[in-house]
Every structure is written in C-alpha cells, then in structure tokens.
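Shown next, in structure tokens, is the structure this report addresses.
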Amino acid sequence: MRPIRPPVAPNAPRSIRVRANGKGQPIAVDGVGVEAIVDDWLMHDRWWTRGRIHRRYWRVVTVRGRFVEVFRDLRGGGWYTHAGSSRRGRHSSVR
Amino acid sequence: VIVCVHLPRFELVIAKGSAEALVGRAVAIEPADAGAPRVGEVSGTAQRIGVTEGMWLSDALACCPTLELVLADPVGVRSAWEQIAQGLEGIGAELEAPRPGLAYFEADGLEGLYRGRDRVIAAARHAVARPCRIGAGPTQFCALAACREGSRSARIVGERDVRRYLAGQPVGLLRYREQTAPLVPALEQLGVRTLGEVAGFGADALADRFGHAGSEARRLALGDDGPLVTRRVEDRLEEWIEVEQSNSAEVLERTLRVLIDRLLARSELRGRTIRALTLAARLVESGTWCEPVVFRSALADRGRIALAVGARLRLLPAPAEALGLSVHTLGPATGEQGTLLDGERTARMARLQSAAEQIRTIGGPYAVLRVVQLDPQSRAPDRWVSYTPFAP
C-alpha cells in the first residue's frame with residue numbers, strides 16, 4: 001500500500017468562486033446569490049513574518065439561507081473560504 | 096444466480112420529484128460541500144452535453160451554462176429507498192444495498208417459492224413499484240452489467256457466458272465500485288474502452304500501475320466477485336418533530352431531547368442499546384440534511400445520547416423547520432457496565448495502541464492522526480486546529 005500523504009490542515013483556505021460588485025462586496029458565492037452581508041472585517045496579521053496575512057473577510061447569508069464566510073486575499077488576490085465555514089451556522093461567533 | 100435491481104439517477108429523481116421532470120432538461124444535484132463544490136448526480140440531458148457526476152461546479156457550468164441545480168434531499172432518498180428495500184425484502188429477498196438505487200439479491204432460494212426465475216424477477220419488479228432495470232448473472236458485477244442494458248425484459252447472463260459477456264462491456268461499469276471508480280478516467284485516457292481489454296492486461300501490469308484497485312478491476316472483468324453482504328432486517332425507528340423557532344439553539348436542543356425521549360420509549364427497542372443514529376432536518380427554504388452519529392459504545396442513556404447528538408446540531412447548514420432522529424444500528428440488549436478497577440481501560444488502550452501501530456505500518460505516519468488545537472485565539476481560522484500523529 002502506498003503511504004498516505006500528509007493531509008491538508010482542517011481549516012486551510014480553499015478557493016471559491018465569488019462574484020463581487022464594484023465596491024468589492026460579494027454578490028454571489030459559488031453561483032448562489034448573496035441575500036445579505038452579515039459582517040465584514042479586515043485581517044492584517046503576522047505582518048512581522050514572511051507568511052503575513054492580509055485578508056478582507058465577508059460573512060454572508062445566501063438566498064438559500066446558508067451562512068458562508070469568504071475572504072479576499074489582498075496580497076495574492078483570489079477568493080477563498082475555510083473548510084466547513086458554511087456549516088458553522090448562525091450561532092458561531094464572528095472572530 | 097444473483098439479481099440486480101437498479102433505479103438510475105435515484106437521488107436526482109427524488110430531489111426533483113419525478114423522473115418525468117428530468118426529461119429534456121439539464122439538471123444536476125447541487126454540491127453539498129462549499130469547500131469542494133462538485134455536482135452530484137446529473138440528468139441524461141446534462142450528461143449528453145458533457146456534465147458528469149463529481150465534476151467541479153465551475154467546470155459543469157462552463158460546460159453547460161443552462162444547467163439547473165437542485166438541492167439534494169438525503170432524507171427523502173433514505174426514506175424512499177428504505178421503502179423499496181423493504182418491498183424487496185417482503186418477497187423474501189436478502190438484500191445487499193451498496194447505495195440508494197442499487198440492490199442485489201440471490202434468486203436461487205426464491206425460485207422454488209415463485210416457481211421460476213422469471214416469476215422471481217416479476218415479483219421484484221412489482222415490489223419496487225417504480226421504473227427500474229433488472230438484470231441477472233452469476234456475480235453481482237455481471238448482474239449489474241446485465242441490468243444496465245435497459246431493456247424492459249430482464250437480461251440474464253449464464254455461467255458459461257460471463258467472461259465473454261463482460262469482455263464487451265464498457266470500463267465505465269467500474270464506476271459502480273468504490274474501489275475501482277478512480278481508475279475509470281485513467282483507463283479512458285489510455286484508450287481502454289472495454290472490460291475485455293482490462294482483462295487482457297497482465298495481473299502484474301495492472302497491479303504495478305494501479306495497485307490493489309487494478310487487481311480488483313481485473314478480477315471483476317474476469318467474472319470473479321465476492322459473496323453478497325446482506326443487510327440485517329430490523330425495525331425502522333424514527334421520530335420527527337416540527338420546530339417552531341428554527342433559529343434558536345436552545346429550542347433545537349430542547350427539541351432534540353424530546354426526540355431522544357420518544358425514541359427510547361419506543362417498544363421496538365425491547366431494552367436494546369443504540370449503536371448509531373441519524374440526525375436529520377427539513378430545512379426552511381427547501382431540501383433536507385442528515386448527519387450520521389456513531390457512538391463509541393452502544394448507549395441507552397438519554398443524557399449521553401443528547402450530549403453526542405447535540406454537538407451535531409451546529410452542523411445544520413440552514414434554519415430547520417423539522418428535526419428527525421432515526422436509529423441506524425442497534426447494540427446489544429445488555430447495558431454498558433463499567434469495572435471497578437481500570438483493568439478494562441488498560442486492556443483497551445493496549446488494543447488501541449496496537450491497532451494504531453498496525454495501521455501506521457501499512458499507511459505510513461499520517462495514517463492515524465489526532466486533531467489538536469494549535470492556536471485557538473488566532474484571528475486566522477486556518478491556525479485554530481491542526482493534525483498530529485495519534486497516540487492513545
């Protein structure tokens with residue numbers, strides 16, 4: 001049997017298809033329209049290291065009633081989500 | 096002889112309401128996981144356009160911009176399939192049901208009862224009570240190939256014709272086995288079209304290129320297959336409750352406790368413990384959701400069951416209008432009895448350690464892992480938890 005490769009970290013960012021408006025706000029996530037933006041926040045962390053993080057997070061609720069947390073990588077570009085972010089539901093705290 | 100009953104696109108038909116609703120329309124089941132958005136079952140029209148099950152959503156929409164996505168209905172599928180399976184068991188068949196929409200049973204024992212193989216097949220068709228394909232052959236794989244021919248009358252493949260018959264079948268049949276499914280794209284890219292070509296390769300060459308899955312594919316192509324693994328016939332224990340305030344966590348938890356109480360009070364339990372449950376929900380907008388919960392040890396204590404199942408409520412993808420709980424597997428009748436000394440615990444840890452080492456020897460250091468909190472206070476979610484090699 002071939003050895004199993006190291007798994008991806010549980011919450012590692014995964015690329016996601018997001019359509020944004022002129023202001024950069026998400027209006028569709030994975031082809032599903034955004035009903036409302038619940039929260040948004042800027043994360044600028046670990047700036048003192050090579051792996052600095054500069055992201056704009058959006059917590060949105062889609063027209064199907066799902067909560068999804070997406071972010072735009074302000075360094076490299078592109079939209080991402082964290083595994084299971086859409087499953088954390090309404091009662092999770094916004095960090 | 097083994098009979099195969101196949102209901103093509105079963106999950107899609109249930110999600111859409113009827114098979115007629117799929118005619119002439121490109122439809123696919125919406126991806127369940129936002130992190131890895133792959134479409135589920137696809138309609139025949141979508142398939143002709145080039146959309147396939149398991150395709151990335153972006154690729155599927157690029158391939159077919161008019162593709163209609165429907166929400167999966169796992170609860171409806173489970174319920175409809177259980178009804179069909181019970182119908183088949185009602186004719187006396189011992190079923191192997193690897194997935195909803197596909198079942199096998201041994202017909203030899205029933206032939207005396209129904210006076211002939213054709214009558215057994217007719218009884219099965221009547222029990223399913225939906226349009227289905229039926230085929231028969233000496234092995235499950237051969238019966239599956241036979242039932243995919245799609246004719247109204249069941250195709251029956253004889254013992255002597257197995258190899259010749261399978262040799263002409265497409266390699267796509269290997270998709271129906273979890274172990275060999277990943278080989279199909281590779282084989283198709285290599286220009287291998289039929290199972291006869293797969294069987295023509297040497298066993299060493301296939302094992303060398305595809306590992307155990309290659310050997311398994313060759314074995315199937317040569318008409319060799321394992322015995323039926325039939326399911327146990329048990330009472331169906333299920334409870335549902337409408338939820339008034341679908342957004343309140345407290346209400347959901349209270350509802351769950353009531354469900355557990357109702358389930359434990361069912362007379363069909365007859366003092367037995369519960370080994371595995373399925374928590375299900377009907378979502379407010381549309382669609383359903385279900386989550387299996389397997390206990391470490393069989394339980395009959397409502398508090399411990401509530402503790403284990405309650406944690407899954409947080410996984411609800413959308414507000415729920417109804418919550419359901421059904422027993423998946425029952426445990427032994429005797430309750431769990433702890434020991435005064437920790438001898439049992441020590442022995443268990445030793446067994447666990449030994450099992451972990453065995454798996455690690457086969458699969459390498461990443462075969463058994465534990466999730467640990469890495470930096471739970473970090474603002475970046477990707478730093479909250481990580482994996483570490485498991486040690487009991």
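Residue numbers (my numbering), protein chains in the order written: chain A, 1 to 95; chain B, 96 to 487. The C-beta atom is built at its ideal place from N, Cα and C for all residues, glycine as well. Since the structure is predicted, the reported quantities are computational estimates derived from the model, not experimental observations.
Residue i by DSSP, collapsed to three states: which one?
i        : result
B:Glu292 : helix
B:Cys227 : coil
A:Val94  : Note that A:Val94 scores 35 on pLDDT, short of 50, meaning its location in the model is unreliable; the coordinates nonetheless yield the value given after this. Note: A:Val94 maps to coil in three-state DSSP.
B:Thr373 : strand
B:Glu106 : helix
B:Arg247 : coil
B:Ser392 : strand
B:Ser343 : coil
B:Glu348 : helix
B:Tyr461 : coil
B:Ala360 : coil
B:Thr424 : strand
B:Ile336 : strand
B:Val69  : As shown, chain B starts at 96 and ends at 487. That puts residue 69 of chain B outside it, with no answer to give.
B:Pro387 : strand
B:Arg258 : helix
A:Pro7   : coil
B:Val287 : coil
B:Ala312 : helix
B:Val252 : coil
Give the straight-line distance between the Cα atoms of residue i and residue j, rounded to the nearest whole angstrom.
i        : j        : result
B:Val389 : B:Arg370 : 6 angstroms
B:Gly200 : B:Glu136 : Checking the displayed sequence, the identity of residue 200 of chain B turns out to be Phe instead of Gly. Cα to Cα, the separation comes out at about 25 angstroms.
B:Pro226 : B:Gly112 : 14 angstroms
B:Ala241 : B:Ala249 : 8 angstroms
A:Val63  : A:Val18  : 14 angstroms
B:Gly405 : B:Arg304 : 46 angstroms
A:Val68  : A:Ile27  : 12 angstroms
B:Ala316 : B:Glu254 : 14 angstroms
B:Glu363 : B:Leu332 : 8 angstroms
B:Gln264 : B:Thr424 : 37 angstroms
B:Leu278 : B:Gly267 : 9 angstroms
B:Val96  : B:Glu273 : 23 angstroms
A:Gly89  : B:Ala376 : Since pLDDT at A:Gly89 reaches only 41, below the 50 mark, its modelled position is unreliable, and the value read off the structure follows with that caveat. Looking at the two C-alpha atoms, the distance is approximately 14 angstroms.
B:Pro412 : B:Leu261 : 43 angstroms
B:Glu283 : B:Arg133 : 21 angstroms
B:Arg314 : A:Gly65  : 47 angstroms
B:Arg270 : A:Met43  : 44 angstroms
B:Arg228 : B:Ile251 : 12 angstroms
A:Trp58  : A:Trp79  : 10 angstroms
B:Leu190 : B:Pro233 : 16 angstroms
What whole-angstrom Cβ distance do residue i and residue j have, given they're in contact under 8 angstroms?
i        : j        : result
B:Tyr482 : B:Val466 : 6 angstroms
B:Leu208 : B:Ala198 : That pair is no contact at about 18 angstroms.
B:Ala219 : B:Ala180 : Contact doesn't hold; Cβ gap of about 12 angstroms is too wide.
B:Pro476 : A:His82  : 5 angstroms
B:Val122 : B:Leu107 : 7 angstroms
B:Ala192 : B:Ile124 : That belief does not hold up - the Cβ atoms of B:Ala192 and B:Ile124 are roughly 20 angstroms apart, past 8 angstroms.
B:Ser310 : B:Ala298 : 6 angstroms
B:Thr513 : B:Arg120 : What is shown of chain B runs 96 to 487, which leaves residue 513 of chain B out entirely.
B:Thr350 : B:Ile336 : 5 angstroms
B:Phe488 : B:Gly196 : The requested residue 488 of chain B does not occur in the structure, where chain B is confined to residues 96 to 487.
B:Val338 : B:Ala222 : Going by Cβ atoms, the distance from B:Val338 to B:Ala222 rounds to 35 angstroms, so no, they are not a contact pair.
B:Ala217 : B:Gly230 : Contact flag wrong, Cβ pair sits at about 14 angstroms.
Along the chain, where does the alpha helix (DSSP H) containing residue i start, and where does it finish?
i        : result
B:Met444 : Gly438 to Gly458
B:Ser153 : Leu152 to Cys158
B:Tyr271 : Run containing B:Tyr271: none; DSSP gives neither H nor E here.
B:Arg409 : Note, B:Arg409: premise wrong, no alpha helix (DSSP H); not H, not E.
B:Ala238 : Gln235 to Cys242
B:Arg304 : Ala298 to Phe305
Could you tell me the boundaries of the beta strand (DSSP E) in which residue i lies?
i        : result
A:Tyr80  : Trp79 to His82
A:Phe67  : Phe67 to Asp73
A:Ala28  : Pro26 to Val29
B:Asp320 : Neither: B:Asp320 is in no beta strand (DSSP E) and is coded neither H nor E.
A:Asp39  : Val32 to Asp45
A:Ala20  : Val18 to Ala20
Less than 7 angstroms separating the Cβ of residue i from some heavy atom of the ligand MN?
i        : result
B:Cys159 : No copy of the ligand MN appears in this structure; indeed no ligand is present at all.
To test your reading of the DSSP string, which unbroken alpha helix (DSSP H) runs of 4 or more residues are found completely within the stretch 163-227 of chain B? 169-185, 203-209 and 212-223
My parser needs the beta strand (DSSP E) runs of 3 or more residues fully inside the stretch 106-150 of chain B; what are they? 122-124
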